[in-house]
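Quick note: the sequence shown uses my numbering, first residue 3, plus one each step.
Working notes, beginning with the structure itself.
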Amino acid sequence: MVPLLLRWRQFSMSTWESGKALGVPTVLLSNGLNIPVLGLGTSHQGGYSHDAVVYALQKCGIRHIDTAKRYGCESFLQKAIEKSGVKREDLWITTKLWHTDYGYENTKQACVESCKRLGVEYLDLYLVHWPDAHVPGRSNREVRAETWRAMEELYEKGFCRSIGVSNFLIDHLEQLKEDCQVIPHVNQVEYHPFQRPQELVDYCRSRNIVFEGYCPLAKGEALHHPTIVQLAKKYGRTPAQICIRWSIQNGIVTIPKSTKPERIQENCQVFDFRLRREDMECLDSMNINKKLIHLTYPLWKG
């Protein structure tokens, strides 16, 4: 049984072509907030589509938007959200702090600037994007701790309803636990059938840190894998839906990305079927620890 609490809360409703209304489940954070288990990723890779975001919000019931300063589309998202007509209080907006803004004062200023670009007064979730600070003459741990103190202050003052990290490993989380007052509410990490860091997932769950997974389709590689294609035929679904359903069924808050309206709709239609246990185990067994997302300089250094 998945140890995360999935609540069928009516965060949003969407009516598909079949005419069936489906609620979007949410996951309970340690601070009592509910985050939609399915989000829409936006980034500079593969381009940004204003129309696709508006479509996701208006037609697909998406209420969870994930972005980052690094992606360069926060200001574009402001326009898309305004165009959609969806109320701010009905949205879950996540953005991320880029490593060039790490440090106590820089972090606070970066959060304010992200809010301005997004056209919001607060963030639902603010993430430290990578564990490496890449600051000459200073240890990563020292800069992370200083940065996190600013994150805690932003959280306490209400600029962020929740705070977390991204791409952190167990060692980074252990260090942060020693250096901070507020345990991260979320850790967002690459997660797909070829990269399933179960030890990290288990660690996070044991400490009430919700695990989010990005890149659920393995940059498209998973869509052509024979096993996944076969399962898609078995369930009468698409390979993308199999991957996303597998991730969600494993209790992972899942963030697929697409700039095509038809793909976004497809990615959202994953709540009216379940994968059988043997098929879940089959997909679980495909892990080969294959990471596809990296920075341009060496990662994970202390």
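Every residue, glycine too, gets a C-beta built ideally from N, C-alpha and C.
What you are looking at is a predicted structure, and each value in this text was computed from that prediction instead of being measured.
In the displayed model, Ile-211 falls within coil according to three-state DSSP, outside both helix and strand. Close CB contacts of Leu-125 within its chain, under the 8 angstroms cut and outside five residues either way in sequence, are with Ile-95, Thr-96, Thr-97, Cys-113, Ser-116, Cys-117, Phe-161, Cys-162 and Arg-163 (chain order).
Taking C-beta atoms under 8 angstroms as the contact rule, Tyr-128 and Leu-156 qualify, at a distance of about 7 angstroms. Val-191 has its alpha-carbon roughly 20 angstroms from the corresponding atom of Val-145. The Cβ-Cβ distance between Ala-54 and Lys-262 falls below 8 angstroms. Within the DSSP secondary-structure output, Leu-127 pairs in a beta bridge with Thr-96. Per DSSP, reduced to three states, the secondary structure at Leu-202 is helical.
By the neighbour-count criterion, in which a residue is buried when 16 or more other Cβ atoms sit within 10 angstroms of its Cβ, Asn-189 is buried. Following the DSSP letters along the chain, one finds Thr-28 inside the beta strand (DSSP E) bounded by residues 28-30.
Under DSSP, Ile-37 takes part in a beta bridge, and its partners are Val-29. The DSSP-derived three-state label of Val-145 is helix.
CA-CA distance, Cys-182 to Leu-233, rounds to 44 angstroms.
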